[in-house]
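Whatever position you read off the sequence shown (first residue = 1), add 262 for this note's numbering.
Take a look at the structure set out below.
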Amino acid sequence: MTVRQQIDDFLALKRIAIVGVSRTGTDFTRLVYKEFVKRGYEVAPVNPAAQDIEGRPCYARVQDIQPPVDGVLIMTAPAVTEQIVRDCAEAGVRRVWMHRGEGIGAVSDRALELCQEYGIGVVPGFCPYMFLSETGFFHRVHGFLKKMGGTYPN
Numbered sequence: 263m264t265v266r267q268q269i270d271d272f273l274a275l276k277r278i279a280i281v282g283v284s285r286t287g288t289d290f291t292r293l294v295y296k297e298f299v300k301r302g303y304e305v306a307p308v309n310p311a312a313q314d315i316e317g318r319p320c321y322a323r324v325q326d327i328q329p330p331v332d333g334v335l336i337m338t339a340p341a342v343t344e345q346i347v348r349d350c351a352e353a354g355v356r357r358v359w360m361h362r363g364e365g366i367g368a369v370s371d372r373a374l375e376l377c378q379e380y381g382i383g384v385v386p387g388f389c390p391y392m393f394l395s396e397t398g399f400f401h402r403v404h405g406f407l408k409k410m411g412g413t414y415p416n
């Protein structure tokens, strides 16, 4: 399956978790969280240091979410991503997206290997905003620059 197919499959899910949602209301992770909620996704926030996010219960681990989610967007440091992939495998999650706007993001080589070992479909980087319809100007420019640079997935 191509990366673009993985992206489309992930965005077709309706029940997801976002791991790494910040307690800080203006943090980028919160903006992504709010955007998915606004678009009708059922989103479970995961942050072991938070009780709730935007008035919804926040979970310490992916395995704590009931009923289980279909996919997990990982927005953490790469050092944490490997454990999150293990948690996803334990919880029966079959799709993950390791966020990356620029820089390394949540992606780690070992986490990608674990996805393969566990049979988890993975989007290895990219920002979801680049693939959601009707996003803001900045996100459309980001996608355009990726296309011009040859790094936008086909």
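Positions of the beta carbon are idealized from the N, C-alpha and C atoms, including for glycine.
As the structure is a prediction and not an experimental result, all values here were calculated from the model.
State the beta-bridge partners of residue i as determined by DSSP.
| i | result |
| --- | --- |
| residue 333 | 278 and 357 |
| residue 306 | 279 |
| residue 315 | 318 |
| residue 383 | 357 |
Would you mind giving the Cβ-Cβ distance between residue i and residue j, rounded to the nearest angstrom? I have them listed as a contact below 8 Å.
| i | j | result |
| --- | --- | --- |
| residue 294 | residue 308 | Wrong, their Cβ atoms sit about 13 Å apart, outside the cutoff. |
Taking all protein chains shown into account, do 16 or more other C-beta atoms lie within 10 angstroms of the C-beta of residue i, making it buried, or fewer, making it exposed?
| i | result |
| --- | --- |
| residue 274 | exposed |
| residue 343 | buried |
| residue 267 | exposed |
| residue 263 | exposed |
| residue 333 | buried |
| residue 286 | exposed |
| residue 329 | exposed |
| residue 301 | exposed |
On the three-state DSSP scale, how would you describe residue i?
| i | result |
| --- | --- |
| residue 366 | coil |
| residue 269 | helix |
| residue 401 | Low per-residue confidence applies at residue 401: pLDDT is 48, beneath 50, and the placement is therefore not dependable, though the value from the model is reported in the following sentence. Reduced to three states, the DSSP call for residue 401 is helix. |
| residue 388 | coil |
| residue 298 | helix |
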